[in-house]
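Using our numbering, read the sequence shown as starting at 266 and increasing by one per residue. For every residue, glycine included, the Cβ atom is placed at its ideal position computed from N, Cα and C. Since we're looking at a predicted model, the values are computed, not measured.
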Amino acid sequence: MVELKNVSYTYPTGQHALDHVNLTINDGEFAFVVGTSGAGKSTLIKLLLRELTATEGEVRVNGYNLNKLKQRKIPDLRRTIGVVFQDFRLIPNLTVYDNVAFALRAIDAPTKYIRSRVPYVISLVGLAAKAKSYPDDLSGGEQQRVALARALVNDPQLIIADEPTGNVDPARSYEIVELLRGINACGTTVLMVTHQHDLVRYFGGRIININTGSVIFDEVIGGADEV
Ligand code: ADP
C-alpha cells in the first residue's frame, strides 16, 4: 500500500516539485500516473523508493513509514518493490537467465529456490526460449520483458514501472501493459507512469494526473478493451 498525506517536496535549489499531495493506492490496485514533463512524476517515484525524503507530510509504502525509516532499513523497503525503467537497465554481459537471477543471488537466496524461481518468472513473461540470449540480441519489447521478470523475481508487493513502454515499439507497448495487468491480477500492486495517452485510453482503470506538483485528476475510467 502507498499512502501520501499532505506531501510536498522542494529541491535544494528551491524548486517546488510536489505540493501537498494526498494519494492512497491500496494493495492489489493498478494505477496509471500521467502528467506532462516536469509535473513531478519522477519526484513521486523517488519519494516512494526513499531516494528522496518528503520536505513536508508523510509517506508510507508497504508498511514502512518513510519519514522515520533508518538508512540501514532502506534495503528492506526496496526489497518489497520491483522497479521497471524506461531504459531497461539490464547487464549486457549476462544472459537473460543471469540478469533475472542476479537480484536473488544478491540477497543470497538458496540455489534450489533460484533454480525454480528464475525459469518460472522468465516463462511468465513469455521468454522461456530466450533464457540463454544476451540483452543485445533481443528486441526492445523483449528486453523490457526481461526487466519485468527481474522486477518480479523477488515477489514484490508493489511494481513501479517508470515509462516502461518508452523504448518499446508502439505495437509491443500493449503487450507490456497486458503483462503488468496479468501480474496485477495475481495480487501485485502496480503503479505505471506513462506519457502514452493511447495506452491509458485503451486499458482504462485508475488514472492519476499530476500537474505542476499537484494531483489534478484521480478517477477510474472505462477502457476501450472492455467495450
Ligand atoms: P516529471 O518526472 O513529471 O517530468 P520531475 O519530478 O522530474 O517531473 O520534476 C518536477 C519539478 O522538479 C520540475 O520543475 C523539475 O525541473 C524539478 N526538478 C527535478 N529534479 C530536480 C533536481 N535534481 N534539482 C532541482 N529541480 C529538480
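For phenylalanine 353, no beta strand (DSSP E) run applies, since DSSP gives it neither H nor E.
By the neighbour-count criterion, in which 16 or more other beta carbons inside 10 Å mark a residue as buried, lysine 338 falls on the exposed side.
Between the ligand ADP and tyrosine 439, a heavy atom-to-CB distance of less than 8 angstroms is absent.
Restricting attention to Glu316, Asn474, Val458 and Leu313, the CA atom closest to the CA of glycine 431 is found in Val458. In this structure valine 465 touches phenylalanine 297 by the C-beta definition: roughly 5 angstroms separates them, less than 8 angstroms. Annotation: the region 287-334 contains the following complete segments of the beta strand (DSSP E) (minimum length 3 residues), in chain order: 295-299 and 321-326. In chain order, the residues that have a beta carbon nearer than 6 angstroms to some heavy atom of the ligand ADP are Tyr276, Thr278, Gln280, Ala282, Gly300, Ser302, Gly303, Ala304, Gly305, Lys306, Ser307 and Thr308.
Runs of alpha helix (DSSP H) with 4 or more residues, each lying fully within the region 415-469, are found at 435-450 and 462-468, listed in chain order.
Here the alpha carbons of glutamate 321 and leucine 445 stand approximately 32 angstroms from one another.
Across the set Asn476, Glu484 and Val485, the C-alpha of Asn476 shows the shortest separation from the C-alpha of serine 302. In the displayed model, alanine 282 falls within a strand according to three-state DSSP. Counting only the Cα atoms, aspartate 463 lies some 11 angstroms from alanine 436. Our two residues, asparagine 474 and lysine 377, have alpha carbons roughly 44 angstroms apart in a direct line. When secondary structure is reduced to three states using DSSP, isoleucine 372 falls in the coil class, being assigned neither helix nor strand. Taking the C-beta atoms as reference points, lysine 395 is found no nearer than 9 angstroms to valine 349. Fewer than three Cβ pairs drawn from the region 477-489 and the region 448-456 lie within less than 8 angstroms of each other, which leaves the two stretches out of contact. In the structure shown, leucine 392 adopts coil according to DSSP, grouped into three states. Listed in chain order, the non-local C-beta contacts of arginine 344 below 8 angstroms within the same chain comprise Ile372, Asn419 and Pro421, local neighbours out to five positions each way being set aside. Contact between alanine 282 and glycine 305 is confirmed by a C-beta separation of about 5 angstroms, below the 8 angstroms threshold. With a threshold of 16 other beta carbon atoms within 10 Å, phenylalanine 468 meets it and is buried. As the crow flies, the alpha-carbon of glutamate 268 is around 23 angstroms from that of histidine 460.
Partner residues in the beta bridge of tyrosine 274, as assigned by DSSP, are Leu283. The region 318-337 makes contact with the region 273-282: 3 or more CB pairs, one atom from each, lie closer than 8 angstroms.
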